[in-house]
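K.L.:
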Amino acid sequence: MQNYIQNGHIVRVTTPAGGIASGDPLIVGSIFGVAAYSSTEGDPVELSTTGVFHLPKASAAVLAVGTRVAWDNTAKEVTTPAAGRFPIGVAVEAAGNSVTSVAVRLDGIATAAA
Numbered sequence: 124m125q126n127y128i129q130n131g132h133i134v135r136v137t138t139p140a141g142g143i144a145s146g147d148p149l150i151v152g153s154i155f156g157v158a159a160y161s162s163t164e165g166d167p168v169e170l171s172t173t174g175v176f177h178l179p180k181a182s183a184a185v186l187a188v189g190t191r192v193a194w195d196n197t198a199k200e201v202t203t204p205a206a207g208r209f210p211i212g213v214a215v216e217a218a219g220n221s222v223t224s225v226a227v228r229l230d231g232i233a234t235a236a237a
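Just remember that the working numbering sits 123 ahead of the position in the sequence shown, which is counted from 1.
1. Enumerate, from N- to C-terminal direction, the unbroken alpha helix (DSSP H) stretches of 4 or more residues contained entirely within the stretch 163-219.
2. So, Phe-176 versus Val-151, is the Cβ gap smaller than 8 Å?
3. Whole angstroms are fine: how far does the CA of Phe-155 sit from the CA of Ile-133?
4. Nearest by alpha-carbon distance to Asp-166: which of Ala-193, Asp-147, Ala-140 is it?
5. Given a threshold of 16 other Cβ atoms within 10 Å of its Cβ, counted over all protein chains shown, does Gly-207 qualify as buried or as exposed?
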């Protein structure tokens with residue numbers, strides 16, 4: 124195909140103000156991904172938009188395997204979907220109250236916050 128660019132599992136974006144560390148989640152427009160490496164402000168960085176990642180979780184959120192999850196960009200953590208949160212994928216492990224991280228399968232769908 125002449126017009127094929129890439130599979131989209133990893134996309135390159137410009138690093139936002141303050142820079143980013145390897146493994147940090149990031150929202151750029153309607154793209155959610157996890158930084159493949161550390162990068163300084165204004166430099167390019169690659170984001171993984173699919174795959175399974177351990178991400179910080181709202182300690183009060185109770186998630187079962189297969190639960191749809193969202194990113195709270197203010198608190199910088201995974202939680203349940205609600206207005207103002209960015210849908211990112213599904214939990215692939217159970218994570219109860221007081222648990223502060225969860226394995227999430229990113230679905231790679233670029234959607235604006237609900």
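Idealized CB from N, CA, C, for every residue including glycine.
P.N.:
Per the coordinate set shown:
1. none
2. In the sequence shown, the residue the question calls residue 176 occupies position 53. In the sequence shown, the residue the question calls residue 151 occupies position 28. Contact flag unset, no.
3. Counting from 1 along the sequence shown, the entry for residue 133 is found at position 10. Counting from 1 along the sequence shown, the entry for residue 155 is found at position 32. Near 11 Å, if we compare the C-alpha coordinates of Phe-155 and Ile-133.
4. Here residue 166 corresponds to residue number 43 of the sequence shown, with the count starting at 1. The shortest C-alpha separation from Asp-166 is found at Ala-140.
5. On the sequence shown, position 84 is the one that residue 207 refers to. Exposed is the call here.
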